[in-house]
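Residue numbering for the sequence shown follows the numbering used here, starting at 32 and increasing by one per position. Since the structure comes first, as structure tokens, the remarks are kept for the end.
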Amino acid sequence: HYSALVADASELVRNNSVRVRDVQVGKVTSIGVDGLHAKVGFTVAKDVRLPALTNAVLRQTSMLGEMFVDLEP
Numbered sequence: 032h033y034s035a036l037v038a039d040a041s042e043l044v045r046n047n048s049v050r051v052r053d054v055q056v057g058k059v060t061s062i063g064v065d066g067l068h069a070k071v072g073f074t075v076a077k078d079v080r081l082p083a084l085t086n087a088v089l090r091q092t093s094m095l096g097e098m099f100v101d102l103e104p
């Protein structure tokens, strides 16, 4: 189980996808508040290795599409 701090997660919901290079590798499990940031909890498939300094960026699948967490190793 991983987590990331982001400025705004208001459009993100539980079960939205987590992706690496446009491939789904996990799902959002929780969204909360940590000080002035949103804390997003997520799972990643066991066979996916993430470097310690991986960035998490919220993106949309399209102009009107759902939000997802894009992991940038």
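Quick reminder that beta carbons are idealized off the backbone N, C-alpha and C, glycines included. Treat the numbers as computed from the prediction; the structure is a model and nothing was measured.
Item to check | Within 9 Å, strictly: CB atoms of D101 and A87 | outcome: One-based indexing of the sequence shown puts residue 101 at position 70. One-based indexing of the sequence shown puts residue 87 at position 56. Going by C-beta atoms, D101 is nearer than 9 Å to A87.
Checklist entry - R52 lies in the beta strand (DSSP E); which residues open and close that run? => result Counting from one through the sequence shown, the residue named residue 52 turns up at place 21. Element bounds for R52: n/a, residue is neither H nor E.
Next on the checklist: Classify A35: buried if its beta carbon has 16 or more other beta carbons within 10 angstroms, exposed otherwise.
Outcome noted: Residue 35 sits at position 4 when you count from the first residue of the sequence shown. Looking at its Cβ environment, which holds 16 or more other Cβ atoms inside 10 Å, A35 is buried.
Checklist entry - Is the Cβ-Cβ distance between L43 and V59 less than 9 Å? => result The count along the sequence shown starts at 1 and reaches residue 43 at position 12. The count along the sequence shown starts at 1 and reaches residue 59 at position 28. Yes, these two residues count as a Cβ contact at 9 Å.
Checklist entry - According to DSSP, what are the bridge partners of A35? => result What you label residue 35 is simply residue 4 of the sequence shown in a count that begins at 1. Note: A35 sits in a beta bridge opposite V71.
Checklist entry - Considering only C-alpha positions, which residue in the set R90, E103, V75 and P104 is nearest to D39? => result Translated into the one-based positions of the sequence shown, residue 39 becomes position 8. Selected option, being the one with the closest Cα: R90.
Item to check | Close-in-space but distant-in-sequence residues of the same chain around S48 (CB under 7 Å, 5 per side omitted) | outcome: Your numbering for residue 48 matches position 17 in the sequence shown. Closer than 7 Å at the Cβ level, and outside the excluded window around S48, lie Q55, K58 and F99.
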